[in-house]
Each structure stands twice: as C-alpha cells, then as structure tokens.
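Have a look at the structure below, then the notes.
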Amino acid sequence: MANSLTNDLMHQLQGQPLQQMSQQLGLEPGEAANAVSAALPLLMGALGRNASQPQGAQALFGALQKDHAGLDLGSVLGSVLGGGGQGEGSNILGHVFGAREQAAAQGLGAATGMGGDRANALLKMLAPIVMAYLAKRMLGGGGGNAQAASPQALGEVLGQEQQQLRQQGGLGGGLLGAVLDRDGDGDADVSDLLKLGGSIFTGGR
48 MANSLTNDLM
58 HQLQGQPLQQ
68 MSQQLGLEPG
78 EAANAVSAAL
88 PLLMGALGRN
98 ASQPQGAQAL
108 FGALQKDHAG
118 LDLGSVLGSV
128 LGGGGQGEGS
138 NILGHVFGAR
148 EQAAAQGLGA
158 ATGMGGDRAN
168 ALLKMLAPIV
178 MAYLAKRMLG
188 GGGGNAQAAS
198 PQALGEVLGQ
208 EQQQLRQQGG
218 LGGGLLGAVL
228 DRDGDGDADV
238 SDLLKLGGSI
248 FTGGR
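Numbered by the working numbering, the letters in the sequence shown go through residues 48 to 252 in order.
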C-alpha cells in the first residue's frame, strides 16, 4: 500500500521542525510528536471530507493553485515556526473546519492532554504546512509528476486518504470520527473525546 500523505508529511516534519514546534508550544519533544501525529490526520481528514463534495473539491483546488502552488515546504515551515503564518493558519482552519473549528481544537487538546489553546496554536501552525505540502504533492513542483491535476482527482486522492486514516484508527482516526461525525451537526461530544484521551493514557485502543 502506498505511503499515506499524512505519514509522508509526518516523516518530513521529523527532527528540527518538530523540535521547534515543541519549543514554541512549551511541550516535550515526545509530546509534540504525539500531538502532531494526532493533528495531521484531523486536518487531512477534514480536507478529505470537504473535497468529497464537488464544490468543496473545486474550492480547495482553486486555493491550492492560487495561494499555495510553488511554495517550498521549507520556507513555509520557516515562516510558520518564526511566528508568521498564524493569521493565514487561522483563515485556513476556518475554511477547513467551519463551525467545527472549536470542537477540533478542544478535541485535540483533550485527547492529547495539552489543552485547547495549545491545540489551536498547533493547528494554526500546521494548516499552512499541510496546504503547501498538498499543493506540491498534488499539483507537482514543476517536475510534471502532479498527482491530481484536477478538482475531481484531488477529491479522489483526499477521499482515499480519509478512508485510510479512519481504517488505521488510533488517536488521529478516533479524533477524526469524533470531531467530524457527531450527528453531522458539528457538535463534538467532549465527554466522548475525553474518554478517547483516557483510553490513550491508560493504554487502551
């Protein structure tokens, strides 16, 4: 099975980027790695859910082309970790999660134990990174190896990614379901998310 987008991006963030994120958030490196590995599936899965609708795929494809194509992941990382990009991250989160934005941050904060404020800061850091990564991966970096050169193809690739994340389960997959699926009304049940967090800390699934 091909390496998932989420795993690939997580791999690219190992080392210095994760170290800098942990310092900015005031977390131990291990805690930061755990938090990022839960946050990335949440962002990718939410994008996959949005792109499952033709209008959503069209809007995301347009945003990647207009605002994120040709950006080097390293320079985006540098900007975000240098304290820039927070406003952009906030805008992206608004589009990605809509009414579920607060639930996503609360859920991530509860499940990882880092609290909603730090979880929100982490999501704002990661949002521009995820978009730059997707633009490079989907539209190609000029090398002609674009994986999804149309909105439909983008929707398919992200749809498969979301499915894969859910099947993997774990913290990221569980969070994705808890935040996005709650009766379809955007209200995450925080008590469920706390149970999810509890099961992580007690070694449960």
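Yeah, the Cβ is synthetic: ideal placement off N, Cα and C, and Gly gets one too.
Do Gln199 and Ala79 come within 9 Å of each other at the CB atom, strictly closer than that value?
The sequence position of residue 79 within the sequence shown is 32, counting from 1. The sequence position of residue 199 within the sequence shown is 152, counting from 1. For Ala79 and Gln199, no; Cβs fall outside 9 Å.
Met91 lies in the alpha helix (DSSP H); which residues open and close that run?
Taking the first residue of the sequence shown as position 1, residue 91 is located at position 44. Run containing Met91: Pro76 to Ala98, per the alpha helix (DSSP H) assignment.
Where Gly73 and Asp114 are concerned, what is the direct C-alpha to C-alpha distance, given to the nearest angstrom?
Here the question's residue 73 lines up with position 26 in the sequence shown. Here the question's residue 114 lines up with position 67 in the sequence shown. Approximately 30 Å, taken between the alpha carbons.
For my contact list, Ile139 and Met185 are in at a C-beta cut-off of 8 Å; report their separation, rounded to the angstrom.
The residue given as residue 139 occupies position 92 in the sequence shown. The residue given as residue 185 occupies position 138 in the sequence shown. Contact doesn't hold; Cβ gap of about 16 Å is too wide.
Taking C-beta to C-beta, are Leu124 and Pro76 nearer than 9 Å?
Against the sequence shown, residue 124 aligns to sequence position 77. Against the sequence shown, residue 76 aligns to sequence position 29. Against a cut-off of 9 Å, the Cβ pair of Pro76 and Leu124 comes out as no contact.
Residues in its own chain within less than 7 Å of Gly220 by CB, not counting five upstream and five downstream?
Working through the sequence shown from its first residue, we reach residue 220 at position 173. The residues are Pro88, Leu212 and Arg213.
I need the boundaries of the alpha helix (DSSP H) containing Arg184, first residue and last residue.
Start at 1 with the first residue of the sequence shown, and residue 184 comes out as number 137. Counting along the chain, the alpha helix (DSSP H) containing Arg184 begins and ends at Gly163 to Leu186.
Please classify Gln153: is it buried, with 16 or more other beta-carbons within 10 angstroms of its beta-carbon, or exposed?
Here residue 153 refers to the residue found at position 106 when the sequence shown is read from its first residue. With 16 or more other Cβ atoms within 10 Å, it is buried.
How far does the alpha helix (DSSP H) with Ala116 in it reach, from first residue to last?
Within the sequence shown, residue 116 is the residue found at index 69, counting from 1. Run containing Ala116: none; DSSP gives neither H nor E here.
The alpha helix (DSSP H) spanning Gly206 covers which residue range?
Position 159 of the sequence shown, counted from the first residue, corresponds to residue 206. It spans Pro198 to Gln215 - the alpha helix (DSSP H) in which Gly206 sits, taken as one unbroken run.
Indicate the three-state DSSP secondary structure (helix, strand or coil) for Gly51 in the structure shown.
The residue labelled residue 51 in the question sits at position 4 within the sequence shown. Before going further, note that residue 51 is Ser rather than Gly in the sequence given. Three-state DSSP puts Ser51 in coil, outside helix and strand.
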